[in-house]
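Chemist: Before I ask anything, let me first share the structure, which is written out below as structure tokens.
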Amino acid sequence: MNDSNRASEEASTTIDPDELAKFTAMAEDWWNPHGQFKPLHKFNPTRLAYIRDKLCAQFDRDPHADKPLQGLRLLDIGCGGGLLSEPMARLGADVVGADAAKANIKTAALHAEQQGLAIDYRAVTAEQLVVEGETFDAILNMEVIEHVADPQAFMSACGQLMRPQAIMFLATLNRTMKAFALAIIGAEYVLRWLPRGTHEWDKFITPKELENIADKAGLELFTSTGVSFNPLTDKWRQSGDMSVNYMAVARKAS
12 MNDSNRASEE
22 ASTTIDPDEL
32 AKFTAMAEDW
42 WNPHGQFKPL
52 HKFNPTRLAY
62 IRDKLCAQFD
72 RDPHADKPLQ
82 GLRLLDIGCG
92 GGLLSEPMAR
102 LGADVVGADA
112 AKANIKTAAL
122 HAEQQGLAID
132 YRAVTAEQLV
142 VEGETFDAIL
152 NMEVIEHVAD
162 PQAFMSACGQ
172 LMRPQAIMFL
182 ATLNRTMKAF
192 ALAIIGAEYV
202 LRWLPRGTHE
212 WDKFITPKEL
222 ENIADKAGLE
232 LFTSTGVSFN
242 PLTDKWRQSG
252 DMSVNYMAVA
262 RKAS
């Protein structure tokens, strides 16, 4: 083993083995809109609109252009099967999709090939990318931080991957009783949208905690939004309610 490979392996400190096994077992189901990842398929239009609009505002792009993200290098960390990586590539971004689960990367790469999309998928961690000297204009850190072993170390690693003008998108779940009732009891046990055990309430992160984690990593959260599900329309939307799901955008602290 050479020094580079040894350093990369030693850097892999924030992966939770139990979480890795959990998502590896579900890897083949990523692109089934009626399967175990059905909630993410429904969530995707809201996430994508938020990401596109904030990126276009940051880099002075026209969100209605055919490929508004052309020329931007983007990392989708914890990319899973590529549900966000593919749309970002279609919008013109140069996408690196990273996930610690090799089964996820295999699924993502195969689907991208079938769609004729050139996406650089890698079975690596954020820490490994730091060791390799990678940097990006944007990072998608969506529904990942509540699944890692050390959120602070993970955020710090992601911060090191950001170029000076880069922004990082974060999405996670607030640690409230409402979130426990809806995201765990409702989604996993009653509606069975997700396999039981997908989420652990004590790993949910409050907006204030996320702000503090970002601050210690040399980052600042400069905007955020709640995301709410309307059962009557069967759709997600941005909202002022951050008591369950929420998204935020971080930049390097000035």
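For the sequence shown, the tail end lands on 265 under the numbering used here, and the numbers increase by one without skipping.
Virtual Cβ for every residue (Gly too), placed ideally from N, Cα, C.
Taking the Cβ atom as the reference point for each residue, do LEU232 and LEU151 lie within a distance shorter than 8 angstroms?
Modeler: Taking the first residue of the sequence shown as 1, we reach residue 232 at position 221. Taking the first residue of the sequence shown as 1, we reach residue 151 at position 140. Not in contact: LEU232 and LEU151 (Cβ atoms no closer than 8 angstroms).
Chemist: Thinking LEU95 and TRP41 are a contact (beta carbons under 8 angstroms), I'd like their distance in whole angstroms, please.
Modeler: Taking the first residue of the sequence shown as position 1, residue 95 is located at position 84. Taking the first residue of the sequence shown as position 1, residue 41 is located at position 30. Not confirmed; about 11 angstroms, so no contact.
Chemist: Find out if the Cβ-Cβ distance for the pair ALA168, ASP148 is shorter than 8 angstroms.
Modeler: In the sequence shown, residue 168 corresponds to position 157, counting from 1. In the sequence shown, residue 148 corresponds to position 137, counting from 1. No; because the gap between Cβ atoms is not below 8 angstroms, this pair is not in contact.
Chemist: So what does ALA261 bridge to, in DSSP terms?
Modeler: In the sequence shown, the residue the question calls residue 261 occupies position 250. Answer is MET179 and LEU232.
Chemist: Quick check: does the Cβ of PRO50 come within less than 7 angstroms of any heavy atom belonging to the ligand ATP?
Modeler: As presented, the structure is devoid of all ligands, the ligand ATP included, so that no description of it is given.
Chemist: Apart from the five residues just before and just after ALA111, which ones in its own chain have a Cβ nearer than 6 angstroms to its Cβ?
Modeler: Counting from 1 along the sequence shown, the entry for residue 111 is found at position 100. Closer than 6 angstroms at Cβ, skipping near neighbours: ILE26, LEU31 and THR136.
Chemist: So, is ASN43 buried or exposed, given that buried needs 16 or more other C-beta atoms within 10 angstroms?
Modeler: The count along the sequence shown starts at 1 and reaches residue 43 at position 32. Per the 10 Å Cβ criterion, exposed.
Chemist: Could you tell me if ALA225 is buried or exposed, where buried requires 16 or more neighbouring beta carbons within 10 angstroms of its beta carbon?
Modeler: Taking the sequence shown and counting its residues from 1, one reaches residue 225 at position 214. So ALA225 ends up on the buried side.
Chemist: For the candidate residues ALA104, GLY89 and GLU97, whose alpha-carbon lies nearest to that of GLU138?
Modeler: Within the sequence shown, the letter at position 127 stands for residue 138. Closest by alpha carbon: GLY89.
Chemist: Going by DSSP in three states, PHE191 sits in which element: helix, strand or coil?
Modeler: Counting from 1 along the sequence shown, the entry for residue 191 is found at position 180. PHE191: helix per DSSP, three-state reduction.
Chemist: Please classify ASN185: does DSSP put it in a helix, a strand, or coil?
Modeler: In the sequence shown, counting from the first residue as 1, residue 185 sits at position 174. DSSP places ASN185 in coil when its eight states are reduced to three.
Chemist: Taking the continuous beta strand (DSSP E) assigned at VAL201, which residues delimit it?
Modeler: Residue mapping note: residue 201 aligns to position 190 of the sequence shown, counting from 1. Where VAL201 is concerned, there is no enclosing beta strand (DSSP E), given that its DSSP letter is neither H nor E.
Chemist: Rounded to a whole number of angstroms, what is the C-alpha to C-alpha distance between GLN81 and TYR200?
Modeler: Along the sequence shown, one-based indexing puts residue 81 at 70. Along the sequence shown, one-based indexing puts residue 200 at 189. The alpha-carbon atoms of GLN81 and TYR200 are separated by roughly 42 angstroms.
Chemist: Candidates LYS263, VAL238 and ALA160: which alpha carbon is nearest ASP213's?
Modeler: Taking the first residue of the sequence shown as position 1, residue 213 is located at position 202. If we check each option's Cα against that of ASP213, ALA160 comes out closest.
Chemist: How many Å lie between ASN223 and PRO74 at the Cα?
Modeler: Taking the sequence shown and counting its residues from 1, one reaches residue 223 at position 212. Taking the sequence shown and counting its residues from 1, one reaches residue 74 at position 63. Their Cα atoms are separated by approximately 31 angstroms.
Chemist: Among the residues of its own chain, which have a CB less than 8 angstroms from the CB of LEU83, if the five just before and after it don't count?
Modeler: If you number the sequence shown from 1, residue 83 lands on position 72. Hits under 8 angstroms: LEU66, PHE70, GLY103, ALA104, ASP105, ASP148 and ALA149.
Chemist: Report the residue from PHE215, ARG207, PRO98 and THR209 whose alpha carbon sits nearest the alpha carbon of THR183.
Modeler: Taking the sequence shown and counting its residues from 1, one reaches residue 183 at position 172. Comparing Cα positions, the closest option is PHE215.
Chemist: Whole angstroms are fine: how far does the CA of ALA194 sit from the CA of TRP247?
Modeler: Working through the sequence shown from its first residue, we reach residue 247 at position 236. Working through the sequence shown from its first residue, we reach residue 194 at position 183. Between TRP247 and ALA194, the C-alpha separation is close to 14 angstroms.
Chemist: In terms of residue numbering, what span does the alpha helix (DSSP H) encompassing LEU95 cover?
Modeler: Residue numbering aside, residue 95 sits at position 84 when the sequence shown is read from its first letter. No alpha helix (DSSP H) holds LEU95; DSSP gives it neither H nor E.
Chemist: What does the alpha-carbon distance come out to for the pair GLU157 and GLN125?
Modeler: For the purposes of this step, residue 157 is taken as the residue at position 146 of the sequence shown. For the purposes of this step, residue 125 is taken as the residue at position 114 of the sequence shown. About 31 angstroms.
Chemist: Just to confirm my understanding: we take GLN171, look at its own chain, exclude 5 residues before and 5 after, and list those with CB closer than 7 angstroms. What are they?
Modeler: Position 160 of the sequence shown, counting from 1, holds the residue named residue 171. Around GLN171: VAL141.
Chemist: Please name the residue, chosen from LEU221, GLY46, THR146 and MET173, that lies closest to ALA259 on a Cα-to-Cα basis.
Modeler: Start at 1 with the first residue of the sequence shown, and residue 259 comes out as number 248. Answer by Cα proximity: LEU221.
Chemist: Does the beta-carbon of SER239 have 16 or more other beta-carbons within 10 angstroms, so that it is buried, or is it exposed?
Modeler: Taking the sequence shown and counting its residues from 1, the one referred to as residue 239 is at position 228. That one is buried.
Chemist: Between which two residues does the beta strand (DSSP E) holding GLN81 run?
Modeler: As a position in the sequence shown, residue 81 is number 70, starting the count at 1. Note, GLN81: premise wrong, no beta strand (DSSP E); not H, not E.
Chemist: Let me make sure I understand the geometry here. Which of GLU143, MET99 and THR146 has the alpha-carbon closest to that of ALA123?
Modeler: Translated into positions along the sequence shown, residue 123 becomes position 112. Ranking the options by Cα distance to ALA123, first place goes to MET99.
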